[in-house]
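Take the sequence shown: its position 82, counted from the start at 1, is 87 in the numbering used here, and no numbers get skipped. Note that CB positions come from ideal geometry on N, CA and C, so glycine has one too.
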Amino acid sequence: MTTETEAKAPLRRWLMVAEVSPMSVLKVTLALSLVAFVAWLIAVAVLYVACEVAGVWDSLNALIGGIGGDGIGFGLVMSLAVLMGAVMVVINTLLAPVLALVYNAVVHFVGGVEYSAE
6 MTTETEAKAP LRRWLMVAEV SPMSVLKVTL ALSLVAFVAW LIAVAVLYVA CEVAGVWDSL
66 NALIGGIGGD GIGFGLVMSL AVLMGAVMVV INTLLAPVLA LVYNAVVHFV GGVEYSAE
């Protein structure tokens, strides 16, 4: 006979991810990459403002101006950040489904990722 506590205890099972859909991995990776892209742009803007307050850009622009180049401004920094972020979004989004295919191929040899569920 089981006690009331044993009857209410959740059943815990070990499950294994045997296969992942490359298309679902692509969708999730694209969404997460876009969130990371926005976070990246916010971080670059905050760091630019912090360097501006500290006088880093004035010193750097004086040095660059002495050599004969154009100064570094907010537009240039953010343009480069957008370019780098967009490249990373594309690379991450295209690489993730390829890695899902690799996972699907390897899982047959070594087993999948195991997790417990209640």
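- Bounds of the alpha helix (DSSP H) holding residue 38 are 27-59.
- For residue 16, there is no enclosing beta strand (DSSP E), as DSSP marks it with neither H nor E.
- Assignment of residue 122 by DSSP, reduced to helix, strand and coil, places it in the strand class.
- For residue 105, the uninterrupted alpha helix (DSSP H) run begins and ends at 79-115, by DSSP.
- Within its own chain, the residues whose Cβ lies closer than 7 Å to the Cβ of residue 120, once the five positions on either side in sequence are excluded, are 20, listed in chain order.
- Straight-line spacing of the CA atoms in residue 26 and residue 112 works out to 13 Å.
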